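Per this note's numbering, the very first residue in the sequence shown carries number 239; after that it's consecutive.
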Amino acid sequence: IMVTGFTWADALGEVAPQYPNQKFTIVDVDWVGQPNVMEFIYSEEQGSFLVGLAAALQAKEDGIANPRFGFIGGVPGSTITKFEIGYIQGIRSVFPNAVIYDYYANDWGKPELAKAQAKNWYDMGVYCIFSAAGGTGNGTIAQAKEYRAQGKNVWAIGVDSDQYTDGIYTGTKSAVLTSMLKRVENSSLMVLNAVADGTFKGGVVQMGMEDEGVGYSTANPELSASVRAQVDAAKTDVLNGKIKLYKTYKEALAAGAVPAGLAALDD
């Protein structure tokens, strides 16, 4: 039985011990702790680094000297912090002094909050906004679509799945430059194979770039070939340890990788 999302964790924690011979799996959770539950967590900072880098490189290619960026989170927490920290590291690898605004909606299902914040930032000259906020983040894409339809050079970045089609505003043109991909389908395949070959074992599995657990979307043809090549090269550098990424605000701040004053959870 496959369960998706942390909102199911408490229920699974109650049910799993009652059915010890039933195999379960859950994503975005690492605290159920039952021998018949395979739990998957993801290296969100890695995928977010890639999309931040892509946005910054695209801005540079567009000839923007001092681009500004935004990040919209849902409810503050350690997972969303990884999204923000990775995104900022990607941007600052290209523009070390880039201004990055952040905002937390404290809700996963209010797109109007993200849309209003996105409008405010775009009107201030922000080039690209990445939202890791569930349904709330769809408001960012909605605002980016409106403005790109008006000819404004602004972008949104999707999250978890490829949101290219969500950003289409005319023909095949999309306001979603790229998306941070969380490859849940690969986790599911891993579980199914483990069940099939008898190697299923409860516990926590970390999914990152090395096992195609996270990545970035290249669906939008306006994300140039040059940008893609540079992002792919950086991906190799992360895997080889040449680029160090941080998971918490505290350690990233101590390393000088992110600015002070962010709204991200400091843990």
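Quick reminder that beta carbons are idealized off the backbone N, C-alpha and C, glycines included.
Note that the structure is a prediction, hence the values are computed from the model and not measured.
Practice problem: Determine, using beta carbons only, whether Phe-262 and Met-445 come nearer to each other than 7 Å. | Solution: At the C-beta level, Phe-262 and Met-445 stay beyond 7 Å of one another.
Practice problem: Pull up the CB-CB distance for Val-469 and Tyr-484, whole angstroms please, since I reckon it's below 8 Å. | Solution: Not a contact, Cβ separation roughly 19 Å.
Quiz item: What's the C-alpha gap between Ser-316 and Asp-340?
Solution: When rounded, the distance between both Cα atoms is 15 Å.
Practice problem: Can you say whether Pro-305 is buried or exposed, counting buried as having 16 or more other CB atoms within 10 angstroms of its CB? | Solution: buried
Quiz item: Gly-377 to Gly-405, Cα distance in whole Å?
Solution: 11 Å
Self-check item: Distance CB(Tyr-342)-CB(Ala-297) smaller than 7 Å
Solution: no
Self-check item: Continuous beta strand (DSSP E) stretch holding Thr-416: start and end
Solution: 414 to 420
Exercise. Specify whether the stretch 486 to 500 and the stretch 316 to 332 touch according to this definition: at least 3 beta carbon pairs, one from each stretch, less than 8 Å apart.
Key: yes
Exercise. On a CA-only basis, which of Thr-474, Ala-371 and Asp-361 is nearest Lys-390? Give me that one, please.
Key: Asp-361
Exercise. Note the first and the last residue of the continuous alpha helix (DSSP H) segment covering Ala-394.
Key: Here Ala-394 belongs to no alpha helix (DSSP H); instead the beta strand (DSSP E) covers 393 to 398.
Exercise. Tell me whether Glu-384 sits in a helix, a strand or coil according to DSSP, three-state version.
Key: Looking at Glu-384 - three-state DSSP - the assignment turns out to be helix.
Quiz item: Between Gly-440 and the rest of its own chain, which residues show a CB-CB distance below 7 Å, the 5 nearest in sequence each way excluded?
Solution: Gln-272, Pro-273, Asn-274, Val-275 and Met-276
Quiz item: Based on the DSSP secondary-structure assignment, which residues constitute the bridge partners of Val-337?
Solution: Arg-306
Exercise. Under 8 Å by Cβ, that's how I've got Gly-312 and Asp-345 pegged, so tell me the actual separation to the nearest angstrom.
Key: Indeed, because the Cβ distance is near 7 Å, the residues count as touching under 8 Å.
Quiz item: Using 8 Å as the threshold, is the stretch 330 to 340 in touch with the stretch 384 to 400, meaning 3 or more CB pairs across them?
Solution: no
Practice problem: Indicate the three-state DSSP secondary structure (helix, strand or coil) for Ala-492 in the structure shown. | Solution: helix
Quiz item: Just curious, the alpha helix (DSSP H) that Gln-540 is in, first and last residue?
Solution: As displayed, the chain neither begins before 239 nor continues past 505, which places residue 540 out of reach and without an answer.
Exercise. Note down the Cα distance separating Ala-472 from Ile-481, rounded to an integer number of angstroms.
Key: Taking C-alpha positions only, Ala-472 is separated from Ile-481 by approximately 8 Å.
Quiz item: Where do the ends of the alpha helix (DSSP H) carrying Ile-329 lie?
Solution: 316 to 330
Quiz item: Is the Cβ-Cβ distance between Thr-319 and Leu-503 less than 7 Å?
Solution: yes
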